[in-house]
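All remarks here apply to the structure that follows.
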Amino acid sequence: MKKTLFLFAIFVFVFTLSFAARGPGQGFELPEDYGSKFQKNVKGDRSADFTITLIDSWGDGWNGGMLDVLVNGTVVLDDITIASGAGPEDYTFAVNQDDSVFVDYTAGSYSYENEYHVYNNIGTELISSGVGYSAPTDNYFIAAPIVVTSIYDIQYTTDPSGDSPYLGQVVTTTGIITASEDATKGSKYFIQDGSGAWNGVYLYDWDHVYDVGQQVLITCEVDEYYNKTELLNVTDVDTLASGVALPAPAEITTNEVNQEDYEGVLVSVKNATCTATTNTYGEWEIDDGSGPVVVDDVFYAFDPVLDGTYFVTGPVDYSYGAYK
């Protein structure tokens, strides 16, 4: 007897989502409004581009108003302004950790129409002035670029234990939610920032609710829970976009599921035969001829037909000493 099902999650969702066509290893893109405000820094790099955005509330330019941006006393943006229109107009400037940044505003006519906003390298607003029809003032702050650690870097390891090189560290990372438990139950999610090995990770969070296709920037702790890398103790969540196409699932064999490289990663196996039906733990088994793998019921309970053929797509979990 041959049956074909599309199941979302190797824990198993009935697969009803359509994935956007993306090549292996191809990451997602941030929304246009983040643009130059987002810089992915390499590990340990504390340099970044910050952004200052100019706006005119009346829409006729800054009427002679202008400002300078100084970093450690050196002018890096000189006499920037809006010549006409409302803006916004963005200007970027480079900073290093602990640089002194001074914004020097010079008023023109109708200065109460002018406003400016300064953002760090992940798009968080640091300061603003002139909002609400009040004339802008000078401002000063110490630069603290945020290092964004990729999920790949969090997951990739050559340690035989499989432990993340960031174990015990607090990191800021970003990705798309590829699987989500029922919001009424709470805590189990998977997040991914590209297709293929090492690009996905388990997210354990009782305090925030995430939806599949939600693109987030989170600050969290990296942990190992019985040899499964997970993100937990989330202290900050910034939703960058919703309804984002999921990364393309990595097409692998059932035997390849059973390795560290694909832990947390969205994968797809094809033409796999059910070799063991559902047990008392809601688990069943499939094999495409390369070797068996367990299908779990974390998100969706399903009773397969022995010897039936299945196509299964979902994130890879690890529990009780086995990949699933």
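In our numbering, the protein residues as written are 2 to 325. We put the beta carbon where it would ideally sit given N, CA and C, even for glycine. These numbers come from a predicted model, not from an experiment.
Distance, residue j Cα to residue i Cα
| i | j | result |
| --- | --- | --- |
| glycine 74 | aspartate 57 | 27 angstroms |
| serine 85 | tryptophan 59 | 10 angstroms |
| valine 294 | valine 102 | 55 angstroms |
| valine 104 | isoleucine 219 | 29 angstroms |
| threonine 52 | valine 266 | 34 angstroms |
| cysteine 275 | valine 149 | 41 angstroms |
| threonine 236 | glutamine 156 | 20 angstroms |
| threonine 82 | valine 76 | 15 angstroms |
| aspartate 212 | threonine 175 | 14 angstroms |
| lysine 271 | valine 258 | 12 angstroms |
| valine 306 | tyrosine 153 | 36 angstroms |
| tyrosine 106 | leucine 233 | 42 angstroms |
| glycine 109 | tryptophan 63 | 7 angstroms |
| aspartate 288 | glutamate 252 | 14 angstroms |
| leucine 1 | aspartate 208 | Here the chain has residues from 2 to 325 only, and residue 1 is not among them. |
| lysine 325 | valine 296 | 5 angstroms |
| alanine 87 | tyrosine 111 | 13 angstroms |
| aspartate 91 | threonine 179 | 33 angstroms |
| aspartate 139 | lysine 189 | 46 angstroms |
| arginine 47 | tyrosine 167 | 17 angstroms |
| valine 210 | phenylalanine 300 | 15 angstroms |
| serine 135 | serine 129 | 11 angstroms |
Given residue i as reference, the closest of the options once Cα atoms are compared
| i | options | result |
| --- | --- | --- |
| proline 316 | Gly197, Gly322 and Gln216 | Gly197 |
| phenylalanine 191 | Gln170, Thr230, Gly169 and Asp160 | Thr230 |
| alanine 144 | Glu286, Val268 and Val72 | Val72 |
| isoleucine 123 | Pro137, Leu168, Ile81 and Asp239 | Asp239 |
| glycine 283 | Asp298, Gln260, Ala95 and Glu257 | Asp298 |
| aspartate 160 | Pro305, Glu261, Thr314 and Tyr324 | Glu261 |
| tyrosine 120 | Val96, Pro305, Ser135 and Asp154 | Val96 |
| isoleucine 177 | Asp50, Ser243, Asp318 and Tyr321 | Ser243 |
| threonine 93 | Tyr106, Leu78 and Val132 | Leu78 |
| valine 217 | Asn234, Thr173 and Ala249 | Thr173 |
| phenylalanine 321 | Leu232, Tyr226, Ser162 and Ser165 | Residue identity check: residue 321 is tyrosine in the sequence provided, not phenylalanine. That would be Tyr226, whose Cα lies nearest to the Cα of tyrosine 321. |
| glutamine 215 | Leu247, Val171 and Gly62 | Leu247 |
| valine 268 | Ser135, Ala249 and Tyr167 | Ala249 |
| alanine 49 | Ala87, Asp100, Asp318 and Val70 | Asp100 |
| tyrosine 319 | Thr279, Pro166 and Glu264 | Glu264 |
| alanine 302 | Ala277, Trp285 and Asp61 | Trp285 |
| alanine 277 | Phe300, Val245 and Thr310 | Thr310 |
| alanine 273 | Tyr167, Tyr111 and Phe312 | Phe312 |
| valine 1 | Cys221, Gln193, Ser129 and Val210 | With the chain covering 2 to 325 only, the question about residue 1 has no answer from this structure. |
Buried versus exposed, by CB contacts within 10 Å (16 or more), residue i
| i | result |
| --- | --- |
| leucine 241 | buried |
| glycine 65 | exposed |
| glycine 195 | buried |
| aspartate 206 | buried |
| aspartate 308 | exposed |
| serine 181 | buried |
| valine 202 | buried |
| asparagine 228 | exposed |
| threonine 255 | buried |
| threonine 314 | buried |
| glycine 292 | exposed |
| tyrosine 141 | exposed |
| glutamate 30 | Unreliable placement is indicated for glutamate 30, whose pLDDT of 39 sits below 50; no coordinate value is reported for it. |
| asparagine 200 | buried |
| valine 245 | buried |
| glycine 24 | Note that glycine 24 scores 32 on pLDDT, short of 50, meaning its location in the model is unreliable; the coordinates nonetheless yield the value given after this. Exposed is the call here. |
Sheet register partners of residue i (DSSP bridge)
| i | result |
| --- | --- |
| glycine 315 | Val268 |
| glycine 163 | BP columns for glycine 163 are empty, so no partner. |
| glutamine 193 | Ile177 and Gly201 |
| tyrosine 141 | Phe103 |
| asparagine 97 | Ser48 |
| alanine 273 | Tyr311 |
| isoleucine 53 | Tyr92 and Val119 |
| tryptophan 207 | None; tryptophan 207 has no bridge partner. |
| glutamate 286 | Ala277 and Val295 |
| tyrosine 226 | Lys229 |
| alanine 251 | Val268 |
| threonine 220 | Thr173 and Asp237 |
| valine 132 | Note: valine 132 sits in no beta bridge, so no partner. |
| isoleucine 81 | Leu68 |
| alanine 242 | Gln216 |
For residue j and residue i, believed in contact at Cβ under 8 angstroms, the rounded distance
| i | j | result |
| --- | --- | --- |
| tyrosine 113 | leucine 68 | Not confirmed; about 15 angstroms, so no contact. |
| threonine 54 | proline 89 | 5 angstroms |
| valine 223 | glycine 169 | 7 angstroms |
| proline 146 | glutamine 98 | 6 angstroms |
| phenylalanine 151 | threonine 158 | Inspection of the sequence shows that residue 151 is occupied by serine rather than by phenylalanine. In fact, because the Cβ distance is near 14 angstroms, the residues do not count as touching under 8 angstroms. |
| glycine 133 | asparagine 115 | Their Cβ separation, rounded to whole angstroms, is 12 angstroms, which puts glycine 133 and asparagine 115 out of contact at 8 angstroms. |
| glycine 279 | aspartate 304 | Glycine is not the amino acid found at residue 279; the sequence shown has threonine there. Rounded, the Cβ-Cβ distance is 5 angstroms, consistent with contact. |
The ligand FAD heavy atom lying under 7 angstroms from the CB of residue i
| i | result |
| --- | --- |
| glycine 86 | Because no ligand of any kind appears in the structure shown, any question about the ligand FAD cannot be addressed here. |
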